[in-house]
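S.K.:
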Amino acid sequence: MKKILLVCTLIGGVLTGAFAQQDKPGRGDGPHKTPEQRAEMRTNRMKESLALNDDQYKKMLAINLEQEKKRDEYRNEERERMLASRKRMKSNYDAAMKSYESVLTPEQMTKLREEAKKRRAEIRDNWKERRGRR
Numbered sequence: 516m517k518k519i520l521l522v523c524t525l526i527g528g529v530l531t532g533a534f535a536q537q538d539k540p541g542r543g544d545g546p547h548k549t550p551e552q553r554a555e556m557r558t559n560r561m562k563e564s565l566a567l568n569d570d571q572y573k574k575m576l577a578i579n580l581e582q583e584k585k586r587d588e589y590r591n592e593e594r595e596r597m598l599a600s601r602k603r604m605k606s607n608y609d610a611a612m613k614s615y616e617s618v619l620t621p622e623q624m625t626k627l628r629e630e631a632k633k634r635r636a637e638i639r640d641n642w643k644e645r646r647g648r649r
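Mapping of the sequence shown onto my numbering: residues 516 to 649, in sequence order.
#1: Distance cutoff 8 Å, beta carbons only. Does residue 568 sit that close to anything in chain D?
#2: Rounded to whole angstroms, what is the Cα-Cα separation between residue 573 and residue 591?
#3: Return the chain-ordered ranges of every alpha helix (DSSP H) run that is complete within the segment 614–649 and spans a minimum of 4 residues.
#4: Tell me the DSSP secondary structure of residue 546 in three-state form.
#5: At 4 residues or longer, what runs of the alpha helix (DSSP H) sit wholly inside the segment 539–615?
#6: Note down the Cα distance separating residue 636 from residue 606, rounded to an integer number of angstroms.
#7: Could you check how far apart the C-beta atoms of residue 554 and residue 580 are, in whole angstroms? I think they sit under 8 Å.
#8: Could you give the C-beta distance for residue 584 and residue 621, rounded to a whole number, given that I count them as a contact under 8 Å?
#9: Please tell me whether residue 616 and residue 624 are closer than 8 Å, where the distance is taken between their beta carbons.
#10: Given that a residue counts as buried once 16 or more other Cβ atoms are within 10 Å of its Cβ, and exposed if not, what is residue 565?
#11: Compare the C-alpha of residue 561 against each of 619, 547, 576 and name the closest.
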C-alpha cells in the first residue's frame with residue numbers, strides 16, 4: 516500500500532512539473548512593438564524610477580526614440596547578414612551533395628540524406644529544448 520502511494524505521488528509530481536512548463540510564453544511570442552512603443556515604455560520606467568519632470572521626460576523620450584530606431588537598424592542589418600550567410604551555406608551544401616552523387620550509389624545517397632534529415636531534426640529539437648529553458 517505504501518509503495519503504491521509513493522509511486523502515485525512520484526508520477527503526480529513528474530506530471531505536474533511537465534505540464535507546468537508548457538504554457539510559458541517564450542521570448543518573442545508576443546506582438547513586436549514599434550520603436551516608438553519601446554521608447555515610450557523605457558521612458559515611462561525611467562520616469563517612475565528616476566522621478567523625471569515633464570521637461571526631462573520629453574528629452575529622455577527623444578533620446579530613447581533615437582536609440583530604439585538605431586537598434587532596429589542594427590537588427591535589420593544583422594537579419595540580412597544572416598540570410599545572406601544561410602544562402603551561401605545552402606549553395607555550398609548543394610554543391611557538396613552533387614559531388615557526393617558522382618561518387619556514391621543511389622542507395623548510399625538515400626541513406627546519406629536520411630541521416631542528414633535525422634541530424635537536422637536532432638539539432639532542431641535540442642535548440643527548441645535550450646530555448647525552452649530560458
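Backbone N, C-alpha and C fix where the C-beta goes; we use that ideal spot for every residue, glycine too. The model shown is predicted, which means the values in this text are computed figures rather than measured ones.
M.R.: Considering the structure as presented:
#1: The structure shown contains no chain D, having only a single protein chain.
#2: Working through the sequence shown from its first residue, we reach residue 573 at position 58. Working through the sequence shown from its first residue, we reach residue 591 at position 76. So the alpha carbons of these two residues sit roughly 27 Å apart.
#3: You should have 621–648.
#4: Counted from its first residue, the sequence shown places residue 546 at position 31. Looking at residue 546 - three-state DSSP - the assignment turns out to be coil, as it is neither helix nor strand.
#5: 550–565
#6: Here residue 636 is taken as the residue at index 121 of the sequence shown, counted from 1. Here residue 606 is taken as the residue at index 91 of the sequence shown, counted from 1. Each residue's alpha carbon lies about 20 Å from the other.
#7: The residue you call residue 554 lines up with position 39 of the sequence shown. The residue you call residue 580 lines up with position 65 of the sequence shown. Yes, residue 554 and residue 580 are in contact; Cβ-Cβ is about 4 Å, under 8 Å.
#8: What you label residue 584 is simply residue 69 of the sequence shown in a count that begins at 1. What you label residue 621 is simply residue 106 of the sequence shown in a count that begins at 1. Between residue 621 and residue 584 the Cβ distance is about 54 Å, and since that is not below 8 Å, they are no contact.
#9: Mapped onto the sequence shown, residue 616 falls at position 101. Mapped onto the sequence shown, residue 624 falls at position 109. Yes, Cβ-Cβ distance for residue 616 and residue 624 is below 8 Å.
#10: Looking up residue 565 in the sequence shown gives position 50. By the neighbour-count rule (16 or more Cβ atoms within 10 Å), residue 565 is not buried but exposed.
#11: Along the sequence shown, one-based indexing puts residue 561 at 46. The shortest C-alpha separation from residue 561 is found at 576.
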